[in-house]
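Undergrad: Pasting a structure here, questions to come.
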Amino acid sequence: MGNAGWLIGLAVVGLVVGVQGLRVVQEYERGIVFRFGRLAGVRGPGLRLLVPFVDRMVKVSLRLAVLDVPKQDVITRDNVPVRVNAVVFFQVEDAVQAVIEVANYTQATSQKAQTTLRSVLGECELDELLASREKINQELRVIIDRETERWGVRIRGVEVKDVELPEEMQRAMARQAEAERER
Amino acid sequence: MGNAGWLIGLAVVGLVVGVQGLRVVQEYERGIVFRFGRLAGVRGPGLRLLVPFVDRMVKVSLRLAVLDVPKQDVITRDNVPVRVNAVVFFQVEDAVQAVIEVANYTQATSQKAQTTLRSVLGECELDELLASREKINQELRVIIDRETERWGVRIRGVEVKDVELPEEMQRAMARQAEAERER
Amino acid sequence: MGNAGWLIGLAVVGLVVGVQGLRVVQEYERGIVFRFGRLAGVRGPGLRLLVPFVDRMVKVSLRLAVLDVPKQDVITRDNVPVRVNAVVFFQVEDAVQAVIEVANYTQATSQKAQTTLRSVLGECELDELLASREKINQELRVIIDRETERWGVRIRGVEVKDVELPEEMQRAMARQAEAERER
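Chains as they are written, first to last, in my numbering: chain A, 1 to 183; chain B, 184 to 366; chain C, 367 to 549.
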C-alpha cells in the first residue's frame, strides 16, 4: 500500500507538471518559445506543449490593430501652430522580431508615429497640409514603416484626423472665403 | 453503496461538464469555433455543443448596424472650415475574417470612416459638398468599403449628416441669397 | 409521508418552471420565438407557452409609431441656410425581419430619416421647399421607405414640420411681399 501511494503521488505530480506545460495558441497568434531563455522557434495555432520550467512562450497577435496617435502640437513651415492627431493601422508581420527586437512594439510604434507626425507636418505648409492629405498620409506611412519594419511591424495605413487651427487663422480663412464668395 | 455514490458523483460531474459545453447561437449570429486555438469552423444558429476546455466560441452578429461618426473638423478645398458628422450602415459579411483579421472590427471600421470623411470632404469645394450629397456619400461608401472588405465588413451606406458652417459664412450666404431675391 | 413530501416538492418545481415559460403577447404585437437561438416562428396575440430554458421570445409592436427627427441644419440649393425638423410615421410590417436583419430598427430608421431629410431638402430651392411640401413629403417617404423595407419597416408618412429661416431672409421676403402688395 505504501508503494501504491507513492505511485499515485508521482502520477499526480506528473499530470500537474504536464498540464502546466500546455499552451493554446489562437488561430491569429504566434507563440515564440524560449528554451532556457534562448529562442527555440515559433509555434503556430493549436495546442502546444512546453517543457515545464524550461520553456517560456510569448504570444503575439497578428491581427490588424488600430493605434490612436494623441493630439500633437505642430508648427507648420509657414509658422502656423496647429494641433494634429492621427490613426495608425498596423499589424505584426514577423512575430519573432516583434518580441526580441523591441521591448514593447505597440508603444514603440506609437512613439515613432507621434514623432514622425511632428517632423513631417512641420515641413509642410498649412495649405499643403489641408489640401494634399492623401500624399501626406502616404509619406507618413512610408517613413514610419521604414522604422517599424526592423521590429517586424508593418504599417497598413496612417491617416491624419483632426487639424485644429488657431481661432484667428480660422477667422482669417473664413473672411477670405467669404470675400471670394461676395465678389 | 460506496459504489453507487461514486457513480452518482461521476454522472453529476459529466452533466456539469456537458452543460458547460453548450452554446446557443442566435438566428442572426455565427459562432466561430476555435479548437485548442485553431480555427475549427463556423456554426450556424441553434444549440451547439463544444468540447469542454478544448473549444472556444466567438459569436459575431450579422445584423445591420449603425455607426455614428462623431463631428469632424474639415477644411474644404476652397478653405472654408466646416464641422461634419455622418452615419455608417455596416454589416459583417464574413464572420471568420471579422474575428481573425482584425482585433476589433467595429473600432477599425469607425476609425476608417472618420479619416475617410476628412480626406474626401477636404478635397471638395463647399458648394459641391452642399449640393452633391448623393455623389459624395457614394464615394465615401466605396472608399471605406474597399478597406473594410479585408476584414469581412461590408459598408451598406454612408451618409453625411450635419454640415456646420462658420457663422460668418452663413451670414455671407444668406446675404447673397437675399440679394438675389431682391433683384 | 416522506414520499408525499417528494411529490409535493416536484409539483411545486414543475409549476414554477411552467409559469416561467408563460408569455402574454398583446393584440398589437407579434412574438418572435427562438428555440435554442433558431427562429422557430411567430406567435400572435394571447397567452403563449415557451419551453423553459429553451425558447426565447422577442416581442415587436406592430402599432404605428411616430419618430421625431430632430432639427437639422440644411442649406437649400439656392444657398439659404434653414433649420428643418420633421416627423416620420412608421410601422413594423415584417416582425421577423425587424429582429433579424437589423440590430435596432428604430435607431436605423431614425438615422436614415435624418440623412434623407438633409439630402432631399439640400436639393430643393427655398421657394419649392415652402410651396410644395406635399411633393417633398412624398419624395422623402419613398426614399426612406426604400431603405427601411429591407428590415421590415414601412414608412407611412413623412412630414416636414418647422422650416426656420434666417432673420435677414425673413425680412427680405416680407419686404418683397409688401412691395408686391403696394404695386
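Using N, Cα and C, we set each Cβ at its ideal position, and we do this for glycine too. Remember, it's a predicted structure, so these values are computed and weren't measured experimentally.
1) On a Cα-Cα basis, can you pick out the residue from B:314, B:294, B:306 that is closest to residue 327 of chain B?
2) Write down the C-beta distance between residue 403 of chain C and residue 229 of chain B rounded to the nearest angstrom, noting that I regard them as a contact closer than 8 Å.
3) Cβ atoms of residue 257 of chain B and residue 304 of chain B: under 8 Å apart, would you say?
4) Considering only the alpha carbon of each residue, which of A:137, A:164, A:126, A:175 lies closest to residue 79 of chain A?
5) Classify residue 53 of chain A: buried if its beta carbon has 16 or more other beta carbons within 10 angstroms, exposed otherwise.
6) Check whether the stretch 94-102 of chain A and the stretch 132-146 of chain A are in contact - that is, three or more C-beta pairs closer than 8 Å.
7) Kindly indicate if chain B contains any beta-carbon less than 8 Å away from that of residue 70 of chain A.
8) Buried or exposed, going by whether 16 or more other CB atoms sit within 10 Å of the CB of residue 119 of chain A?
9) Below 8 Å, how does it come out for the stretch 25-37 of chain A and the stretch 53-66 of chain A: are there three or more Cβ pairs, yes or no?
10) Could you tell me whether the stretch 447-455 of chain C touches the stretch 517-535 of chain C, where touching means 3 or more Cβ pairs closer than 8 Å?
11) Let me know the secondary structure DSSP gives residue 72 of chain A once reduced to three states.
12) Find the residues of chain A that neighbour residue 289 of chain B, judging by a C-beta separation of less than 9 Å, and give them in chain order.
13) On the CB-based measure, 16 or more other CB atoms within 10 Å of its CB, does residue 138 of chain A come out buried or exposed?
14) Could you give the distance in angstroms between the alpha-carbon of residue 306 of chain B and the alpha-carbon of residue 136 of chain A?
15) Answer yes or no: does any C-beta atom of chain B fall closer than 8 Å to that of residue 433 of chain C?
16) In terms of alpha-carbon separation, which member of A:176, A:43, A:147 lies closest to residue 25 of chain A?
17) What residues from chain B crowd round residue 535 of chain C, counting only those whose CB sits closer than 7 Å?
18) Should residue 290 of chain B and residue 255 of chain B be called a contact, given that it needs their Cβ atoms to be closer than 8 Å?
19) Between residue 536 of chain C and residue 515 of chain C, what straight-line distance do the alpha-carbon atoms span, to the nearest angstrom?
20) Would you mind reading off the limits of the beta strand (DSSP E) that contains residue 420 of chain C?
21) For residue 141 of chain A, count neighbouring C-beta atoms within 10 Å of its own C-beta (all shown protein chains included) and say buried if the count is 16 or more, exposed if not.
22) Using a Cβ-Cβ cut-off of 7 Å (strictly less than) and excluding sequence neighbours within five positions of residue 434 of chain C, which residues of its own chain qualify?
23) Just checking: is the beta-carbon of residue 121 of chain A within a distance shorter than 8 Å of some beta-carbon in chain B?
24) Determine which residues share a DSSP beta bridge with residue 358 of chain B and list them.
25) Among all the DSSP beta bridges, which residues are the ones paired with residue 32 of chain A?
26) With which residues is residue 157 of chain A paired in a DSSP beta bridge?
27) Starting from the C-beta of residue 66 of chain A, find all residues in its chain whose C-beta is less than 7 Å away, skip the five residues before and the five after it, and write them out in chain order.
28) Any residues in the stretch 504-536 of chain C with a beta carbon nearer than 7 Å to a beta carbon of chain B? Which ones, in chain order?
29) Counting only C-beta atoms, is residue 409 of chain C closer than 8 Å to chain B at any point?
30) Which of helix, strand or coil does DSSP assign to residue 430 of chain C?
31) By alpha-carbon positions, which one of B:234, B:210, B:196 ends up nearest to residue 204 of chain B?
32) Residues of the stretch 442-453 of chain C in Cβ contact with chain B at a cutoff of 9 Å, in chain order, please.
33) Under 8 Å between C-beta atoms, does residue 26 of chain A make it to chain B?
34) State the start and end residues of the unbroken beta strand (DSSP E) segment that holds residue 549 of chain C.
35) I want to see whether chain B comes within less than 8 Å of residue 134 of chain A, judged by CB atoms only; does it?
TA: In short:
1) B:294
2) 6 Å
3) Yes.
4) A:126
5) exposed
6) no
7) No, residue 70 of chain A does not count as interfacial toward chain B.
8) exposed
9) yes
10) Short answer: they touch.
11) strand
12) Close to residue 289 of chain B, with beta-carbon spacing below 9 Å, lies no residue of chain A; the smallest spacing is near 11 Å.
13) exposed
14) Residue 306 of chain B and residue 136 of chain A: Cα-Cα distance of roughly 14 Å.
15) no
16) A:43
17) 357, 360, 361
18) no
19) 39 Å
20) No beta strand (DSSP E) contains residue 420 of chain C, which DSSP labels as neither H nor E.
21) buried
22) 453
23) no
24) The partner list for residue 358 of chain B (beta bridge, DSSP) is empty, contrary to what the question assumes.
25) A:42, A:58
26) DSSP output for residue 157 of chain A lists A:89 as bridge partner(s).
27) Only 87, 89 meet the Cβ criterion.
28) 517, 532, 534, 535
29) Chain B places no beta carbon closer than 8 Å to that of residue 409 of chain C, leaving this residue out of the contacts.
30) coil
31) B:234
32) Cβ contacts with chain B come from 442, 443, 444, 445, 446, 447.
33) yes
34) Unbroken run through residue 549 of chain C: none, as it is neither H nor E.
35) yes
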